[in-house]
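Residue numbers (our numbering): 8 to 317.
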């Protein structure tokens, strides 16, 4: 493996854009202890290059059906930046209430159907419960060409999904009581690559409204090919990176810590939204640490990019 300092410096230029929510962290002035098990870490991981997604005719047909559109509804796509892709596909109805876009270069799908979610104070009918919404989202995977095995699971083999809901609050004129209605539920499914979860704005997002109708589906699932292997740092190399100021910490969490105890290390891949151009998929590590501070800063996450283009 290359000297860690050099590897990390290169990763800041070419690796995941962690500086979007992190600031450089220099642990040189504090005691750093390693208490994290490393027996579950692989010796190496892959860096991937992004290649155009080959949406099958079946997948395109399924998406058109979900959008309640047909191949005759083809329209001019947006242009500029990442959307300057000669293979982009765009569909929509004349009323501009139904939309479907497929961007092969970034494995990006956007589907929207207006009207599935009840308007304020309108009747809410058949919004799926949490478990039902999850099952509906999982049921979409084979239709859009994503294997269930590529959805991230946690240590208990469960799905670490993100569930959100939109609630309408209003005052009932007859009773004077404040009434709340859940008018939609949304599910986000995280991708995993070689068993390593993906961090970023990628994955599958499905939004359901009345009668469990799909209102929005956003997918970022880039097609990738192995570019090369890179070594995962050892415990000593992670410690050196922290002490040498080659790591990052979440904005607002940086402080003059006197002691850090690294308790866990996790690996991730980074994938940005499909509306952004990305040519490589890089790994990085997150070190969970206990500090000598109290309350909200008693535990922090330290981000370590360790891949480069060398």
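For glycine and all other residues, C-beta sits at the position ideal for the given N, C-alpha and C.
1. Can you tell me the Cα-Cα spacing of residue 312 and residue 206, whole angstroms?
2. With DSSP as the reference, label residue 104 as helix, strand or coil.
3. At the level of alpha carbons, what is the spacing between residue 52 and residue 262?
4. Which class does residue 313 belong to by DSSP, given the choice of helix, strand or coil?
5. Report the residue from 113, 203 and 63 whose alpha carbon sits nearest the alpha carbon of residue 160.
6. Can you find a C-beta in chain B that's less than 8 angstroms from the C-beta of residue 91?
7. Which residues does DSSP pair with residue 215 in a beta bridge?
8. Give the DSSP-derived three-state secondary structure of residue 163 in the structure shown.
9. Assign residue 261 to one of three DSSP states: helix, strand, or coil.
10. Rounding to the nearest angstrom, what Cα-Cα distance links residue 24 and residue 284 in this structure?
11. Going straight from the alpha carbon of residue 193 to that of residue 140, what length do you get?
12. Taking 8 angstroms as the cut-off, decide whether the C-beta atoms of residue 157 and residue 184 are in contact.
13. Short check: CB of residue 131 to CB of residue 190, under 8 angstroms?
14. Residue 66 by DSSP, collapsed to three states: which one?
15. Suppose only complete runs of 3+ residues qualify. What are the beta strand (DSSP E) ranges in the region 29-102, listed by chain order?
16. DSSP three-state label for residue 291, please.
17. Go ahead and pull the three-state DSSP assignment for residue 134.
18. Relative to the C-alpha of residue 288, which candidate in 266, 243, 273 and 230 has its C-alpha closest?
19. Tell me where the alpha helix (DSSP H) around residue 244 begins and ends.
20. Classify residue 278 as buried or exposed, calling it buried when 16 or more other Cβ atoms lie within 10 Å of its own Cβ.
21. Residue 306 bridges to which residues according to DSSP?
22. Name the two residues that bound the continuous beta strand (DSSP E) containing residue 277.
23. Any idea what DSSP makes of residue 284, helix, strand or coil?
24. Starting from residue 204 and walking both ways along the beta strand (DSSP E), at which residues does that stretch end?
25. Is it buried or exposed, residue 135, if we count other Cβ atoms within 10 angstroms and call 16 or more buried?
26. Roughly how many angstroms separate the alpha carbons of residue 297 and residue 251, rounded to a whole number?
27. Let's test the definition: count the other Cβ atoms within 10 Å of the Cβ of residue 217 and tell me whether it reaches 16, buried, or not, exposed.
28. Helix, strand or coil, according to DSSP, for residue 121 in the structure here?
29. How is residue 151 classed by DSSP in three states: helix, strand or coil?
30. From 150, 264 and 112, pick the residue whose C-alpha is nearest to that of residue 90; which is it?
31. Per DSSP, what are the beta-bridge partners of residue 210 in this structure?
Well, looking at it:
1. Distance from the CA atom of residue 312 to the CA atom of residue 206, rounded to whole angstroms, is 13 angstroms.
2. In the three-state scheme derived from DSSP, where H, G and I count as helix and E and B as strand, residue 104 is classed as coil.
3. Taking the straight line joining both Cα atoms gives about 32 angstroms.
4. If DSSP states are grouped into helix, strand and coil, residue 313 belongs with coil.
5. A check of alpha carbon separations from residue 160 across 113, 203 and 63 identifies 203 as the nearest.
6. Reference to chain B is not applicable here, since this structure consists of a single protein chain.
7. Answer is 192 and 221, bridged to residue 215.
8. The pLDDT assigned to residue 163 is 46, lower than 50, so where the model puts this residue is not dependable; a value taken from the coordinates is nonetheless given after this. In the structure shown, the three-state DSSP call for residue 163 is coil.
9. In this structure, residue 261 counts as coil in the three-state DSSP scheme.
10. Approximately 12 angstroms between the Cα atoms of the pair.
11. Going by C-alpha positions, residue 193 is about 7 angstroms away from residue 140.
12. Contact flag unset, no.
13. Their beta carbons are under 8 angstroms apart, which means residue 131 touches residue 190 by this criterion.
14. Residue state, collapsed to three classes: helix.
15. The region 29-102 contains these whole beta strand (DSSP E) runs: 29-32, 38-41, 51-58 and 96-99.
16. The answer is strand: DSSP assigns residue 291 an E or B state.
17. It is coil, neither helix nor strand.
18. When only C-alpha atoms are compared, the closest one is 230.
19. For residue 244, the enclosing alpha helix (DSSP H) covers residues 242-250.
20. The C-beta of residue 278 has 16 or more other C-beta atoms within 10 Å across all chains shown, which makes the residue buried.
21. Partner(s): 297.
22. Segment 266-278, the beta strand (DSSP E) holding residue 277.
23. DSSP places residue 284 outside both helix and strand once states are collapsed to three, so it counts as coil.
24. Segment 203-207, the beta strand (DSSP E) holding residue 204.
25. Buried: at least 16 other Cβ atoms inside 10 Å.
26. Whole-angstrom Cα-Cα distance: 19 angstroms.
27. Result: buried.
28. If DSSP states are grouped into helix, strand and coil, residue 121 belongs with coil.
29. Correct three-state label for residue 151: helix.
30. The closest CA to that of residue 90, considering only 150, 264 and 112, is found on 112.
31. The partner list for residue 210 (beta bridge, DSSP) reads 227.
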